[in-house]
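Participant: Please read through the structure below; I'll follow up with questions.
Protein chains: 2
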Amino acid sequence: MRIGVVAPSSRFSEEAANRVRALAAAEFPRVELVFHPQCFLTHNHFAGSDEARAAAFVDYANDPAFDALWFARGGYGSNRFAEEAIDALTPTAREKGYLGYSDAGFLLAGLYRAGFPSLAHGPMPQDAMREGGEAAVRRALAWLADGAEDSLEPELERGRSYAAFNLTVLTHLLGTPLEPDLSDHVLLIEDVSEHTYRTDRAMFQ
Amino acid sequence: MRIGVVAPSSRFSEEAANRVRALAAAEFPRVELVFHPQCFLTHNHFAGSDEARAAAFVDYANDPAFDALWFARGGYGSNRFAEEAIDALTPTAREKGYLGYSDAGFLLAGLYRAGFPSLAHGPMPQDAMREGGEAAVRRALAWLADGAEDSLEPELERGRSYAAFNLTVLTHLLGTPLEPDLSDHVLLIEDVSEHTYRTDRAMFQ
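If you're matching them up, the sequences are chains A and B in order. Mapping of the first sequence onto this note's numbering: residues 1 to 205, in sequence order. Mapping of the second sequence onto this note's numbering: residues 1 to 205, in sequence order.
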């Protein structure tokens, strides 16, 4: 089981990678976790230039040696190359799972629109840096490695369609080539501690 | 020349109204400025309930006694009733000018979509409360009272179409019934002191 990690948005750190590597080695010994070298590039506040981030994503997504792709963290920037990069994916890319949230929602939305079957909204390696983040990373690895039933949101019902997004990301992809058809979906929103008027404005849209 | 003021968004104050009244009386004696009583209502952080704000807007817009409608201030909330209120406007409402910016952009967008001919993005009574705001209010009154040429953005060229918006307001009305057709328009954006990534994300959309 090989999981590739790429960083399509903001800068990532070796420290976060090391925490996740340690947890994976201790608790998911059959998982091989490979952080693409791009994860540690910096270009302004991005994890490398648009070209570098796009190339790493396409590289690992199209590589049959990986069973899943995990987005390292959110922040900002995946929208800057998502459309073009998704167009560059091959059928091999459809056979793996993809996991992330926040800014990675731009890519997940575009992949969903393109019909990719195995996409999930969930924790990312960067979560290892926050209080209580170990449990989140463990849950993510359980989904990536095993599709573990208990890694899923407990309220989900089989036979229904769900989408989960950061509301700001979702509203900013409406009308763009990344917007998926969410008809008849239940929308789960990740936002917490947001001003009520901002949530109201987004829900209006 | 009668200008009606309504407050479609956040709470407005008597203090701001008095400052604008004083300036208008001193410098625009032929202008009669009428603040709708709704301007001084409060409902949470709104200037009255959705129903009260909508009713005041429709009331003054449809009243032939007013030559222009001026939005008191921005903040948040005009999107909550804009579509329904615009549907309730009569041909009389098309004969007057409308001025505002920020959150009032939801209404101006919907009015533009509905073909209203005299709409401008510019200062509001609330500007009287800020440093340098008197000049802004003066400029607004010059447009409302006289359509004064020197009240306009100096770079505008005759024969071109322009739209001006707060970027957050504009992005949040995309795909809604308020979205106007901005094909072949020059877009002016009001935003200042915004994080670059936020502007970039909005421009992406």
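Every residue, glycine too, gets a C-beta built ideally from N, C-alpha and C. Quick caveat, the model's predicted, so the values are computed rather than measured.
Can you tell which of B:Ala136, B:Tyr60, B:His36, B:Glu51 has the C-alpha that lies nearest to the C-alpha of B:Ser13?
Facilitator: B:His36
Participant: What residues in the region 168-184 of chain A have a beta carbon less than 9 Å from any beta carbon of chain B?
Facilitator: Residues Thr168, Val169, Thr171, His172, Leu173, Leu174, Gly175, Thr176, Glu179.
Participant: Counting C-beta neighbours from all protein chains within 10 Å, is the total for A:Asn44 16 or more, i.e. buried, or is it exposed?
Facilitator: A:Asn44 should be labelled exposed.
Participant: Return no unless some Cβ of chain B is closer than 9 Å to the Cβ of A:Arg201.
Facilitator: yes
Participant: So with Cβ pairs under 9 Å, would you call A:Gly147 a contact of chain B?
Facilitator: Not one chain B Cβ lies under 9 Å of A:Gly147.
Participant: Closer than 9 Å by beta-carbon distance: list the chain A residues that pair up with B:Gln205, in chain order.
Facilitator: Asn79, Thr171, His172, Leu173, Leu174, Gly175, Thr176
Participant: If you reduce the DSSP assignment to three classes, tell me which class B:His36 lands in.
Facilitator: coil
Participant: Within 9 Å of any Cβ in chain A, is that where the Cβ of B:Tyr197 sits?
Facilitator: yes
Participant: Output the residue ranges of the alpha helix (DSSP H) runs that lie fully inside the region 124-180 of chain B and measure 4 residues or longer, sorted by chain position.
Facilitator: 133-146, 167-173
Participant: Between the region 138-147 of chain A and the region 46-58 of chain A, are three or more C-beta pairs nearer than 8 Å?
Facilitator: no
Participant: Cβ of A:His43 less than 9 Å from any chain B Cβ?
Facilitator: no
Participant: Listing by chain order, which chain A residues have their CB less than 7 Å from the CB of B:Tyr76?
Facilitator: Under the 7 Å cutoff, chain A gives Tyr197, Arg201.
Participant: Kindly indicate which three-state DSSP category B:Val20 falls into: helix, strand or coil?
Facilitator: helix
Participant: Just to confirm, are A:Phe71 and A:Tyr112 a CB contact at a threshold of 9 Å?
Facilitator: no
Participant: Can you round the beta-carbon distance between B:Ser10 and B:Arg94 to whole angstroms, since I take them to be within the 8 Å contact cut?
Facilitator: Not confirmed; about 27 Å, so no contact.
Participant: Is it the case that the region 150-169 of chain B contacts the region 125-136 of chain B, given that we only count it when at least three CB pairs across the two stretches are under 8 Å?
Facilitator: Note that the region 125-136 of chain B does not touch the region 150-169 of chain B; fewer than 3 beta-carbon pairs, one per stretch, sit closer than 8 Å.
Participant: Taking just the CA atoms, how far does A:Gln205 sit from A:Asp59?
Facilitator: 35 Å
Participant: Using the DSSP secondary-structure output, state which residues sit across from A:Ala120 in a beta bridge.
Facilitator: A:Leu99
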